[in-house]
Amino acid sequence: MVIPRSLSTRVLEVEAIGRLIAALQEDGRTVIAPTLRDGAITLDVIDSFADLPVGLTAEMAPGRYQLVPDPEGRLFGATVGPASAKRWQRPPEVVVWSGRKDGGMVARVPDRSESQLAYVGLRGCDLAARRVLDRAVGARPSDAFIVAVECTRPGSTCFCVSMGTGPGVSEGADVVITEIVEPAHVLVTRALTPRGATLLARLGGAPPKGAEEDAAWAQVAAAARAMSGGIDPDAAAAALRMPSADGWDDVAARCLACGNCTMVCPTCFCTTTVDHTTPDGLEATRVRLWDSCFSLGFTELHGKPVRASIGSRYRQWMSHKLSWWWDQFGSSGCVGCGRCIVWCPVGIDIRQEAAAAVERVGVHAK
1 MVIPRSLSTR
11 VLEVEAIGRL
21 IAALQEDGRT
31 VIAPTLRDGA
41 ITLDVIDSFA
51 DLPVGLTAEM
61 APGRYQLVPD
71 PEGRLFGATV
81 GPASAKRWQR
91 PPEVVVWSGR
101 KDGGMVARVP
111 DRSESQLAYV
121 GLRGCDLAAR
131 RVLDRAVGAR
141 PSDAFIVAVE
151 CTRPGSTCFC
161 VSMGTGPGVS
171 EGADVVITEI
181 VEPAHVLVTR
191 ALTPRGATLL
201 ARLGGAPPKG
211 AEEDAAWAQV
221 AAAARAMSGG
231 IDPDAAAAAL
241 RMPSADGWDD
251 VAARCLACGN
261 CTMVCPTCFC
271 TTTVDHTTPD
281 GLEATRVRLW
291 DSCFSLGFTE
301 LHGKPVRASI
311 GSRYRQWMSH
321 KLSWWWDQFG
331 SSGCVGCGRC
341 IVWCPVGIDI
351 RQEAAAAVER
361 VGVHAK
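Just so it is clear: in the sequence shown, position 315 is 315 by our numbering, and no numbers are missing.
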């Protein structure tokens, strides 16, 4: 494993996260972190340490998510939930512009920057997704403060190793945390940016001992070895480029076209726009809403959908995600987070569907 260069490395007690949250709030930032909402650990705005899901983790499988106690009492015991940073990076509903006719039309474009946000607990796949989404939508550079957490206990649906996005973190964050429970339950922290180093200095702590650093690296390496059954990106990209409409009936018979996979995916960016006008015609608002390529009306043209069958819509989604995305944006559109697997009501597994596509056309990566 390549150890990333850091500006500062400190060991903090678990309770120091409370001071970290308070310090970010003192800087005027809204803190977004894992918290318990509606029976799941998900990203949301928090107020204090008490909002974190201490001692909880989640068992995940295709179409299944179950909260369970974490026997090790970890602070960041669960990996990823249904919400990702996309919810703030590209919100589900945004006023694109609004205007009022006062002699002339005056348009007001709202500020959509992340400058006052701080994320605590993003994983390597989440950071990769932010970069992928930024390239896809041409987003402005973000000034959000990011405290990332390296994964030491991946879920059965995680496959970030095969996509090259985790479980370790070497870029895209200001501070990186590795939570270890042996030889003591502490947080090994690294600063990757000057402002990250400044934050760690405010929190105190001590330089790590050799045993603590060794334990941190060993747990991340063990997490990488624990992941199996991922996607071969090269083979999948090549197979899905081949012009074949065959082989999609099986997944079409199972898929509900509900769009859950696109809603929880941290890189899906399909949207639609809706215009609202007041009855007197003096005010108008244009709103951008998340949409899904699984929706029958998404490709409607001249009164008819271009992709009427569920099979054609699933093929479009997976082919774009794993193949055409490379041509458009220079990377895969999948980061291996596994959200689409967990939150599919019928448990469709993109890893299996990608392998089936490769097998159908007999493509193997060199």
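For glycine and all other residues, C-beta sits at the position ideal for the given N, C-alpha and C.
Treat the numbers as computed from the prediction; the structure is a model and nothing was measured.
Which residues in the same chain as residue i place their Cβ atom closer than 6 Å to its Cβ, once the five residues preceding and following it in sequence are excluded?
{"i": "lysine 321", "result": "Gly333 and Cys334"}
{"i": "glycine 81", "result": "Ala40, Ile41 and Thr42"}
{"i": "threonine 9", "result": "Arg190 and Pro208"}
{"i": "alanine 83", "result": "Thr42 and Leu43"}
{"i": "glutamate 359", "result": "none"}
{"i": "threonine 165", "result": "Gly124, Cys125, Ala128, Val335 and Gly336"}
{"i": "aspartate 214", "result": "none"}
{"i": "isoleucine 231", "result": "Ser162, Arg351 and Ala354"}
{"i": "threonine 277", "result": "Ala284"}
{"i": "phenylalanine 329", "result": "Arg135 and Ala136"}
{"i": "alanine 216", "result": "Thr178, Ile180 and Val188"}
Taking all protein chains shown into account, decide if residue i is buried (16 or more other Cβ within 10 angstroms of its Cβ) or exposed.
{"i": "glutamate 182", "result": "exposed"}
{"i": "aspartate 126", "result": "buried"}
{"i": "valine 45", "result": "exposed"}
{"i": "methionine 242", "result": "exposed"}
{"i": "aspartate 327", "result": "exposed"}
{"i": "proline 266", "result": "buried"}
{"i": "valine 342", "result": "buried"}
{"i": "proline 154", "result": "buried"}
{"i": "aspartate 102", "result": "exposed"}
{"i": "alanine 178", "result": "As written in the sequence, residue 178 is threonine, which differs from the alanine given in the question. Label assigned to threonine 178: buried."}
{"i": "lysine 86", "result": "buried"}
{"i": "aspartate 349", "result": "buried"}
Thinking C-beta only, is residue j closer than 8 Å to residue i?
{"i": "cysteine 270", "j": "cysteine 293", "result": "yes"}
{"i": "proline 62", "j": "glycine 311", "result": "no"}
{"i": "valine 196", "j": "leucine 7", "result": "Sequence inspection shows glycine at residue 196; the valine mentioned does not correspond to that position. A contact, by the Cβ cut-off of 8 Å."}
{"i": "leucine 117", "j": "isoleucine 32", "result": "yes"}
{"i": "arginine 123", "j": "alanine 148", "result": "yes"}
{"i": "cysteine 261", "j": "cysteine 340", "result": "yes"}
{"i": "glutamate 212", "j": "valine 175", "result": "no"}
{"i": "alanine 236", "j": "alanine 129", "result": "no"}
{"i": "leucine 203", "j": "leucine 20", "result": "yes"}
{"i": "arginine 135", "j": "leucine 282", "result": "no"}
{"i": "serine 331", "j": "tryptophan 324", "result": "no"}
{"i": "threonine 299", "j": "arginine 307", "result": "yes"}
Tell me the residue span of the beta strand (DSSP E) that contains residue i.
{"i": "threonine 285", "result": "283 to 290"}
{"i": "glutamine 66", "result": "64 to 69"}
{"i": "proline 34", "result": "30 to 37"}
{"i": "glutamate 93", "result": "93 to 102"}
{"i": "leucine 133", "result": "It is not in any beta strand (DSSP E) - leucine 133 instead sits in the alpha helix (DSSP H) that spans 124 to 137."}
{"i": "valine 149", "result": "145 to 149"}
{"i": "alanine 61", "result": "56 to 61"}
Cutting at 8 Å between CB atoms, please list the residues of its own chain near residue i, excluding the five before and the five after it.
{"i": "leucine 56", "result": "Leu36, Ile41, Leu67, Val68, Pro69, Asp70, Gly77 and Ala78"}
{"i": "alanine 222", "result": "Thr152"}
{"i": "glycine 247", "result": "Ala356, Ala357 and Arg360"}
{"i": "serine 48", "result": "Gly18, Ile21 and Ala22"}
{"i": "cysteine 344", "result": "Pro62, Gly63, Asn260 and Cys261"}
Please list the terminal residues of the continuous alpha helix (DSSP H) segment that includes residue i.
{"i": "isoleucine 21", "result": "16 to 26"}
{"i": "isoleucine 41", "result": "Where isoleucine 41 is concerned, there is no enclosing alpha helix (DSSP H), although the beta strand (DSSP E) it sits in stretches over 40 to 45."}
{"i": "isoleucine 350", "result": "350 to 361"}
{"i": "arginine 87", "result": "86 to 89"}
{"i": "alanine 235", "result": "233 to 241"}
{"i": "threonine 198", "result": "194 to 203"}
{"i": "valine 346", "result": "Premise fails: valine 346 is in no alpha helix (DSSP H) and is neither H nor E."}
{"i": "glutamate 212", "result": "210 to 226"}
{"i": "valine 251", "result": "249 to 254"}
In chain order, what residues of the same chain lie with their CB nearer than 7 Å to the CB of residue i, ignoring the 5 residues before and after it?
{"i": "aspartate 250", "result": "none"}
{"i": "serine 295", "result": "Gly259"}
{"i": "valine 137", "result": "Arg90 and Phe269"}
{"i": "alanine 257", "result": "Phe294, Ile310 and Arg313"}
{"i": "arginine 315", "result": "Trp248"}
{"i": "glycine 28", "result": "Gln116"}
{"i": "valine 2", "result": "Unreliable positioning characterises valine 2 in this predicted model, as indicated by a pLDDT of 46, which lies under 50. The coordinate reading is nonetheless provided below. So the list is empty, once near-sequence residues are dropped."}
{"i": "valine 274", "result": "Val287 and Leu289"}
Kindly indicate if chain B contains any beta-carbon less than 8 Å away from that of residue i.
{"i": "aspartate 249", "result": "Reference to chain B is not applicable here, since this structure consists of a single protein chain."}
(request) Taking only runs that begin and end inside the stretch 261 to 336, name each unbroken alpha helix (DSSP H) of 4 or more residues, in chain order. (result) 310 to 319 and 325 to 329
(request) Would you mind listing the alpha helix (DSSP H) stretches within the stretch 157 to 186 that are 4+ residues and don't spill past its ends, in chain order? (result) 160 to 163
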